[in-house]
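**Student:** I have a structure here, written as structure tokens, and I will follow up with some questions on it.
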Amino acid sequence: MKKIFLMMILILCSSFVFAEGTESAEKADVPKFFKSFTQCGYVFDEGLSYAQLTRIEVMEDRSNFVRENMMAGAYFTVQTVDLSFFDLICTVSAYYPFYQAFNGMKQKTKNLFNYAVDTYFGTVITYDRLNYIILNFSLGMHYMYQLTDEYHMNYIGIGGTIGIDFPISKCWTITENNFFSYDNPNLGTNKKVQVFDASYQFHINLGVRFSKKTQNAYSYIK
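Per my numbering, the very first residue in the sequence shown carries number 3; after that it's consecutive.
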């Protein structure tokens, strides 16, 4: 998994390279994959989010221990527009757990102030040839901090999104994103107390975007 993390970091860091090369680079016919971040546009969307988190302990002599958390909250996303080849996306979310279960059985929460903060940074490719339905595909790095009844949990892993944009008008867009990640939950001292063999998450984000600078070429309302 460390090799996968290193490969993803190298891919994401390469996206910060400026595309405006020197005259000598132009003569060498070097392809310009990226525009300068000062030249590209940015769009922002925010809304409500639902997250389902699963942690698994593999047991040898009985069925596995499965812990689940259902959480509700809000998210905020910033995305670049018109970077060559692919754009970048960054999402920050905050959650409050409203349901937790152990092997399918509901558990009572001991601490009423449990919460989670989630971050995602990755590359995104947009498919807009359908005009009135815009598809977004993303792959990147995921990190979450979660306060549970027992521990301070830290998750880091690889995530991806599949999203749909609905252009309501020139400036307004309804966004829906489905996020999935596979994480390492054994960071810090938790791995000395209780080791989890697997952890994965699923998020659904439903929000809205308003932008005067980056308008929709096609929209339901003219």
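C-beta: ideal position from N, C-alpha, C; glycine also. This one's a predicted model, so the numbers in the text were calculated from it and none came from an experiment.
1) Would the beta-carbon of THR121 be found less than 6 Å away from any heavy atom of the ligand NAD?
2) With a threshold of 6 Å on Cβ separation, who are the neighbours of ASN138 within its own chain once the five nearest residues in sequence on each side are excluded?
3) Provide the residue(s) that pair with ALA219 in DSSP beta bridges, ordered along the chain.
4) Verify the CB distance criterion: does THR191 have a CB-CB separation below 7 Å to chain B?
5) Helix, strand or coil for VAL68? Go by DSSP, reduced to three states.
6) Which one of GLY124, PHE123, TYR122 and PRO99 has the shortest CA to CA distance from LYS112?
7) Taking only three categories from DSSP, how would you classify SER183?
8) Would you list the residues sitting across from ASP167 in a DSSP beta bridge?
9) Grab me the residues of GLN54's own chain with a C-beta within less than 6 Å of its C-beta, minus the 5 sequence neighbours each way, in chain order.
10) Compute the beta-carbon to beta-carbon distance between ALA76 and ALA96, rounded to the nearest angstrom, for a pair I have assumed lies under 8 Å.
11) Rounded to the nearest angstrom, what separates CYS173 and LYS108 at their Cα positions?
12) So, helix, strand or coil for LYS108, using DSSP?
13) How is VAL195 classed by DSSP in three states: helix, strand or coil?
14) Would LEU208 and GLU178 qualify as a contact pair, given that the criterion is a beta-carbon distance under 7 Å?
15) Which residues in the same chain have their Cβ closer than 7 Å to the Cβ of ARG57, if we skip the five residues on either side of it in sequence?
16) Below 8 Å on the Cβ atoms is my guess for SER171 versus ILE136; work out the distance and round it to an integer in Å.
17) What residue range does the beta strand (DSSP E) around VAL60 cover?
18) Helix, strand or coil: how does DSSP classify SER213 here?
19) Any idea what DSSP makes of ASN188, helix, strand or coil?
20) Taking the DSSP output, what are the residues bridged to SER95?
21) Suppose the cutoff is 8 Å on Cβ atoms and the five residues either side in sequence are ignored; what does the same chain contact list for GLU152 look like?
**Tutor:** The relevant details are as follows:
1) The ligand NAD is not among the ligands present in this structure, which contains no ligands whatsoever.
2) Walking along the sequence shown from the start, residue 138 turns up at place 136. The beta carbon of ASN138 is closer than 6 Å to those of VAL126, THR128 and GLY165 in its chain, skipping five residues each way along the sequence.
3) As a working mapping, residue 219 is identified with position 217 in the sequence shown. Paired residue(s): none; ALA219 is not in a bridge.
4) Of the chains in the structure shown, none is chain B; there is only one protein chain.
5) Stepping through the sequence shown from its first residue, residue 68 is reached at position 66. In the three-state DSSP reduction, VAL68 falls in the strand class (E or B).
6) Translated into positions along the sequence shown, residue 112 becomes position 110. Answer by Cα proximity: PRO99.
7) Taking the first residue of the sequence shown as position 1, residue 183 is located at position 181. Strand, per DSSP.
8) In the sequence shown, residue 167 corresponds to position 165, counting from 1. ILE136 and THR177, per the DSSP bridge assignment.
9) Start at 1 with the first residue of the sequence shown, and residue 54 comes out as number 52. Within the same chain, GLN54 has close Cβ partners MET72 and PHE204.
10) Here residue 76 is taken as the residue at index 74 of the sequence shown, counted from 1. Here residue 96 is taken as the residue at index 94 of the sequence shown, counted from 1. Indeed they touch by this definition, with Cβ atoms about 6 Å apart.
11) As a position in the sequence shown, residue 173 is number 171, starting the count at 1. As a position in the sequence shown, residue 108 is number 106, starting the count at 1. For CYS173 and LYS108, the distance between alpha carbons rounds to 44 Å.
12) Counting from one through the sequence shown, the residue named residue 108 turns up at place 106. In the structure shown, LYS108 falls within a strand segment according to DSSP collapsed to helix, strand and coil.
13) Working through the sequence shown from its first residue, we reach residue 195 at position 193. In the three-state reduction of the DSSP assignment, VAL195 falls in the helix class, which pools H, G and I.
14) By 1-based counting over the sequence shown, the position of residue 208 is 206. By 1-based counting over the sequence shown, the position of residue 178 is 176. Less than 7 Å divides the Cβ of LEU208 from the Cβ of GLU178.
15) For the purposes of this step, residue 57 is identified with residue 55 of the sequence shown, where counting begins at 1. ARG69, PRO187, PHE198 and SER201.
16) Here residue 171 corresponds to residue number 169 of the sequence shown, with the count starting at 1. Here residue 136 corresponds to residue number 134 of the sequence shown, with the count starting at 1. About 14 Å separates the Cβ atoms of SER171 and ILE136, ruling out a contact at the 8 Å cut-off.
17) Translated into the one-based positions of the sequence shown, residue 60 becomes position 58. Per DSSP, VAL60 belongs to no beta strand (DSSP E) and is neither H nor E.
18) Translated into the one-based positions of the sequence shown, residue 213 becomes position 211. Coil, per DSSP.
19) Here residue 188 refers to the residue found at position 186 when the sequence shown is read from its first residue. Coil, per DSSP.
20) Here the question's residue 95 lines up with position 93 in the sequence shown. Residue pairing for SER95: DSSP places it in a beta bridge opposite TYR77 and ASP120.
21) Taking the sequence shown and counting its residues from 1, the one referred to as residue 152 is at position 150. If we look at GLU152 and ignore the five residues flanking it on each side, its Cβ neighbours are GLN196.
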